[in-house]
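To start, the structure under review is shown below, and the notes come after it.
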Amino acid sequence: MTDPLSDMLTRVRNALLVKQESVVIPYSTLKFEVAKILEQEGYIKGFSKDRQEQRDMLVLDLKYYNGESVIRGIETVSKPGQRIYKKAQEFPLVLGGLGTLVVSTPQGVMTTWEARKRNIGGEVLVKIW
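In this text, residue positions in the sequence shown follow the working numbering: the first is 958, and each later residue adds one.
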């Protein structure tokens, strides 16, 4: 697998299409941090780290409202073949500020709002709306 983060987002999109309650993803620290932000921003109910078949797995509990997914869209911005780095002032808005961008900075993984507040740039990882 060349891009584990894209694999995570694809698993989430596929689970949302068939309206599953949760999705199981191979664990990594980056995926854990992205899941933490998804929960903080209200896109998922919660998440946990489980041990299944000799491997650590990340279980995301998906969130629905009136039968529709809270996540309308989720996609990878920075890819292994083309990394996207931005300064704090250059972060674009998602849906005029209604969506969320997740960035990896020297101070950890955070949303662009937090990165702007701290005035630090980084690699733009995920766009969610």
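Quick reminder that beta carbons are idealized off the backbone N, C-alpha and C, glycines included.
{"Item": "Does the Cβ of Ser1005 have 16 or more other Cβ atoms within 10 Å, making it buried, or fewer, making it exposed?", "Value": "exposed"}
{"Item": "Looking at Leu987 and Leu962, is the spacing between their C-beta atoms short of 9 Å?", "Value": "yes"}
{"Item": "Answer with buried or exposed for Tyr1000, where buried requires no fewer than 16 other C-beta atoms within 10 angstroms of its C-beta.", "Value": "buried"}
{"Item": "From Phe989 to Ala972, what distance separates their C-alpha atoms?", "Value": "18 Å"}
{"Item": "Would you call the region 1068-1079 in contact with the region 1018-1025, where contact means no fewer than 3 C-beta pairs closer than 8 Å?", "Value": "no"}
{"Item": "What's the gap between the Cα of Gly1030 and the Cα of Leu1082?", "Value": "14 Å"}
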